[in-house]
Structure formats: C-alpha cells, structure tokens
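*Asks:* Numbering (my numbering), first residue to last: 695 to 848. Here it is, the structure, as structure tokens.
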C-alpha cells in the first residue's frame, strides 16, 4: 500500500501532479485530468521531478501519484486524483474521500489494486472507453446492449 504523506518541506511554486511516466494507464488518465484542470495543475513524471522533493522517498512516487500544492500539502493515490478534479471544479469526490472512512478505504484499496495491475487495467480502459482520453467513447454501453440481446435470445 502507498504511504500517505501530509506535507513536504519543499512546496512547489505551482500545484504539481507527479505521476509515473512509464505507465500507459497513468498517461491516459493524466492526459484526461490535464485537459480538465486547464493549467491549474502542472503534470510532471516522478522520473523527471521527484528529486525536487527529497523529503518524499522515491519508492513512494513509484507506488502512487502525488498532487503537491503550493502550501506543501501532499495528496496521495486516489486522493491526488480526487483533489486534481477538485481544482477542475468537481469537489464532490474529494469531499467524500475526506468525510467518509468507508469511501476512503474503498478508494485506497481499489487504487492499490489497480496500481499493482496497471497493464491489465489499461487494456480494460481502452476496451471500455477507446484510445483517446480526451474524447472518451462509451463502448461499454455497446457491450452491455450486446449482452442483453444475447441473454434475451437464449
């Protein structure tokens, strides 16, 4: 499981999301969030930017994304995703994460499972939503209709 780090003593001049630049799944969703946040967050890979935060162990950047804000606050794993969407105007999920322990537990464990199986979930992501993270295509609806039709015929 990834460690939750509350603060860094090296706050950046801009909010920065640090992610794994070698991960296709991460790049897909990073591209989507980058579009949604419209310059409110700078996106950097841990491979190029982790050295700016010597008080955060490199192994923790490898385990989970980190959103580091200008006041030094660090949001980890699913909270980094929810907080980045908070900057885009979608505040609901971050509020749920901070308010409800069951939602935090479920989010953390789901994130951890996906992080350990990124290659598989990247294939599933492309299968369900297509290859373009900016213009998601809800292929899953088509799959659902096909399954319903097959079940109706049987």
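Note that CB positions come from ideal geometry on N, CA and C, so glycine has one too.
According to DSSP, is residue 711 helix, strand or coil?
*Replies:* Secondary structure at residue 711: strand, using DSSP grouped into helix, strand and coil.
*Asks:* Quick one: using the 10 Å Cβ neighbour count with 16 as the cut-off for buried, is residue 758 buried or exposed?
*Replies:* Buried is the call here.
*Asks:* Helix, strand or coil for residue 739? Go by DSSP, reduced to three states.
*Replies:* strand
*Asks:* Output the residue ranges of the alpha helix (DSSP H) runs that lie fully inside the stretch 781–827 and measure 4 residues or longer, sorted by chain position.
*Replies:* 786–793, 795–810 and 812–823
*Asks:* Going by the beta-carbon positions, is the gap between residue 705 and residue 765 smaller than 8 Å?
*Replies:* Result yes, Cβ atoms of residue 705 and residue 765 sit closer than 8 Å.
*Asks:* Only counting the same chain, and skipping five residues up and downstream in sequence, which positions put a Cβ closer than 7 Å to that of residue 787?
*Replies:* 776 and 779
*Asks:* What is the DSSP secondary structure of residue 778, reduced to helix, strand or coil?
*Replies:* helix
*Asks:* State the Cα-Cα distance for the pair residue 822 and residue 761, rounded to the nearest angstrom.
*Replies:* 27 Å
*Asks:* So what does DSSP say about residue 762, is it helix, strand or coil?
*Replies:* strand
*Asks:* With a threshold of 8 Å on Cβ separation, who are the neighbours of residue 746 within its own chain once the five nearest residues in sequence on each side are excluded?
*Replies:* Excluding residues up to 5 positions away in sequence, 704 and 706 lie with their Cβ nearer than 8 Å to the Cβ of residue 746 in the same chain.
*Asks:* Taking only three categories from DSSP, how would you classify residue 757?
*Replies:* helix
*Asks:* Among 697, 699 and 719, which has the Cα closest to the Cα of residue 816?
*Replies:* 719
*Asks:* Compare the Cα-Cα distances from residue 735 to each of 843, 725, 726 and 710 and report the closest residue.
*Replies:* 710
*Asks:* Could you tell me which residues DSSP pairs with residue 701 in its beta bridges?
*Replies:* 767
*Asks:* Less than 8 Å between the beta carbons of residue 770 and residue 699, yes or no?
*Replies:* For the 8 Å CB-CB criterion, residue 770 and residue 699 form a contact.
*Asks:* Determine the closest residue to residue 737 out of 835, 721, 751 and 749, with distance taken between C-alpha atoms.
*Replies:* Distance check between residue 737 and each of 835, 721, 751 and 749 places 721 closest, using alpha-carbon atoms only.
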